[in-house]
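Colleague:
Numbering (the working numbering), first residue to last: 189 to 457.
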């Protein structure tokens with residue numbers, strides 16, 4: 189039986205500080221915890237996903253920059269983490285220059301898609317990843333476009349704040365442009381509401397507004413504002429390793445289950 193290709197999910201929002209990288213790290217960890225094999229591709233020059241999984245900046249010998257420029261394969265860049273079944277292809281600040289270096293190339297928007305296809309071939313006789321998660325920079329640039337061209341679906345973390353819907357509409361337009369021009373199969377997998385504080389009336393109103401605007405595209409799981417989630421990256425750990433029983437960890441486990449259920453429906457469609 190031939191190996192099944194991994195499902196590629198982009199975690200994207202052009203706005204910073206919405207829990208994007210935190211969601212990428214902890215969703216990847218939660219998926220691994222329930223038995224999936226996951227590769228997290230860090231496509232953000234800040235490299236916070238790599239740091240949050242304990243990868244020292246001095247040890248990122250093959251990074252996603254090298255992958256995009258064709259200097260290393262994804263298999264060469266991928267490295268294990270302290271989470272069983274979760275690997276990461278780390279990023280470095282070199283990624284800041286990748287856009288300029290890729291700009292003259294004909295394949296500038298499809299470099300990551302090609303490298304993921306190559307990874308599938310490289311790993312045919314080894315353990316396959318069932319999910320590849322891509323953590324994007326907080327901007328709609330060539331790196332984010334590369335991620336969306338390579339992806340099956342987009343997962344959008346959305347902070348429960350006043351301007352949430354305004355930023356969401358901009359991102360949805362970008363997804364639609366990529367779908368029309370570069371990747372007809374791209375869909376929105378779902379929108380996850382993050383940093384929710386039930387004591388804040390505005391946050392509750394935002395949840396209501398987003399659900400009314402986006403309907404069943406919004407996950408039932410809401411990620412709470414949680415001190416343990418905020419502390420975990422400073423220890424180089426996902427919150428599920430830092431404190432499994434906290435509210436944030438339990439929310440990400442529920443989100444992982446919900447993501448898998450949606451993936452089954454998308455495959456069946």
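Every residue gets a Cβ at the ideal spot worked out from N, C-alpha and C, and that includes glycine.
The model shown is predicted, which means the values in this text are computed figures rather than measured ones.
1. Among all the DSSP beta bridges, which residues are the ones paired with residue 268?
2. On the DSSP bridge assignment, give the partners of residue 379 in chain order.
3. Go through its chain and collect everything with a Cβ distance to residue 219's Cβ below 6 Å, but skip five positions before and after it.
4. On the premise that residue 361 lies in contact with residue 379, defined as a C-beta separation below 8 Å, what is that separation, rounded to the nearest angstrom?
5. Between residue 283 and the rest of its own chain, which residues show a CB-CB distance below 6 Å, the 5 nearest in sequence each way excluded?
6. Could you please give me the residues that DSSP links to residue 320 through a beta bridge?
7. Please work out which residues of its chain come closer than 7 Å, Cβ to Cβ, to residue 230, disregarding the five sequence neighbours upstream and downstream, and give them in chain order.
8. Which value, in whole angstroms, describes the spacing of the CA atoms of residue 434 and residue 289?
9. Going straight from the alpha carbon of residue 194 to that of residue 210, what length do you get?
10. Output the distance between the C-alpha atoms of residue 389 and residue 258, rounded to the nearest integer angstrom.
11. Please go through the same chain and pick out, in chain order, the residues whose beta-carbon is closer than 7 Å to the beta-carbon of residue 329, but skip the five residues on each side of it.
12. If you follow the alpha helix (DSSP H) that residue 332 is part of, which residue opens it and which one closes it?
13. Would you tell me roughly how many angstroms separate the C-alpha atoms of residue 369 and residue 343, rounded to the nearest one?
14. For residue 454, does the three-state DSSP call read helix, strand or coil?
15. Below 8 Å between beta carbons: does that hold for residue 366 and residue 353?
16. State the CB to CB distance for the pair residue 326 and residue 202, rounded to an integer number of angstroms; the pair is presumed to be in contact (CB under 8 Å).
17. What do you get for residue 437, buried or exposed, if any count of 16 or more other CB atoms within 10 angstroms of its CB means buried?
18. Since residue 261 and residue 306 should fall inside the 8 Å C-beta cutoff, what is the C-beta to C-beta distance between them, to a whole number of angstroms?
Modeller: Taking the coordinates as given:
1. Residue 268 pairs with 275.
2. Residue pairing by DSSP puts residue 379 in a beta bridge opposite 344 and 406.
3. These residues qualify, in order along the chain: 226, 319 and 444.
4. In fact, because the Cβ distance is near 15 Å, the residues do not count as touching under 8 Å.
5. Here the set comprises 233 and 253.
6. According to DSSP, which records beta bridges pairwise, residue 320 is partnered with 196 and 227.
7. Result list for residue 230: 237, 238, 252, 276, 277, 278, 279 and 323, in chain order.
8. So the alpha carbons of these two residues sit roughly 43 Å apart.
9. The alpha-carbon atoms of residue 194 and residue 210 are separated by roughly 22 Å.
10. Taking C-alpha positions only, residue 389 is separated from residue 258 by approximately 49 Å.
11. The beta carbon of residue 329 sits closer than 7 Å to those of 287, all from its chain and outside the five residues before and after it, given in chain order.
12. The continuous alpha helix (DSSP H) containing residue 332 extends over residues 330 to 338.
13. Rounded to the nearest angstrom, the gap between the Cα atoms of residue 369 and residue 343 is 20 Å.
14. Residue state, collapsed to three classes: helix.
15. In terms of Cβ geometry, residue 366 and residue 353 do not form a close pair [threshold 8 Å].
16. About 6 Å; that satisfies the 8 Å criterion.
17. With 16 or more other Cβ atoms from the protein chains shown falling within 10 Å of its own Cβ, residue 437 counts as buried.
18. Their Cβ separation, rounded to whole angstroms, is 6 Å, which keeps residue 261 and residue 306 in contact under 8 Å.
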